[in-house]
Amino acid sequence: MNKMIKTLCTVAVLAVMSSAALAKLPAPSDEAKAKAEEAKAKTAWAGKVDAFKLCKAQDAVVAHYKKAAPAKKGAAAASGCTDPGPFVYTPNVPAVSAAPAPAVPASVAVAKKP
Numbered sequence: 067m068n069k070m071i072k073t074l075c076t077v078a079v080l081a082v083m084s085s086a087a088l089a090k091l092p093a094p095s096d097e098a099k100a101k102a103e104e105a106k107a108k109t110a111w112a113g114k115v116d117a118f119k120l121c122k123a124q125d126a127v128v129a130h131y132k133k134a135a136p137a138k139k140g141a142a143a144a145s146g147c148t149d150p151g152p153f154v155y156t157p158n159v160p161a162v163s164a165a166p167a168p169a170v171p172a173s174v175a176v177a178k179k180p
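Going by the working numbering, the sequence shown opens with residue 67, and the numbers climb by one from there.
1) Quick one: grab the DSSP three-state call for L88.
2) Where do the N-terminal and C-terminal ends of the alpha helix (DSSP H) with G211 fall, by residue?
3) Could you tell me which of A78, K90, A129, T148 sits nearest to W111, measuring between CA atoms?
4) What's the C-alpha gap between N48 and K106?
5) Just the Cα atoms here: how many angstroms apart are K69 and K90?
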């Protein structure tokens, strides 16, 4: 009897959880979409900053190695590090322009009285 109650409770809990998981969520608002786009842009910028810091650290290691090791011929120091600069986000807002009034076709134009 005790085992049957545990099984029944487990099935009931799983049924409730599966129905909650299958519930349809509403579409995100424009504000939420904009916030998500900004977060995506900030994450991409943070990746560029991390790559820049890694490049600078690698350059420092190479400089230390070259200072400690005897000079070899043909070794040129070229740094390909580019600073991404500060984070700047410009949202992609579609330009709203004033559309000209639609032209009235000749067939719809008001006829003049003689």
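Note that the Cβ used here is the ideal one computed from N, Cα and C, for glycine as well.
Concretely, from the data shown:
1) coil
2) Any answer about residue 211 is impossible in this case: the structure gives the chain only from 67 up to 180.
3) T148
4) The question about residue 48 has no answer here: the residues shown for the chain are numbered 67 through 180.
5) 34 Å
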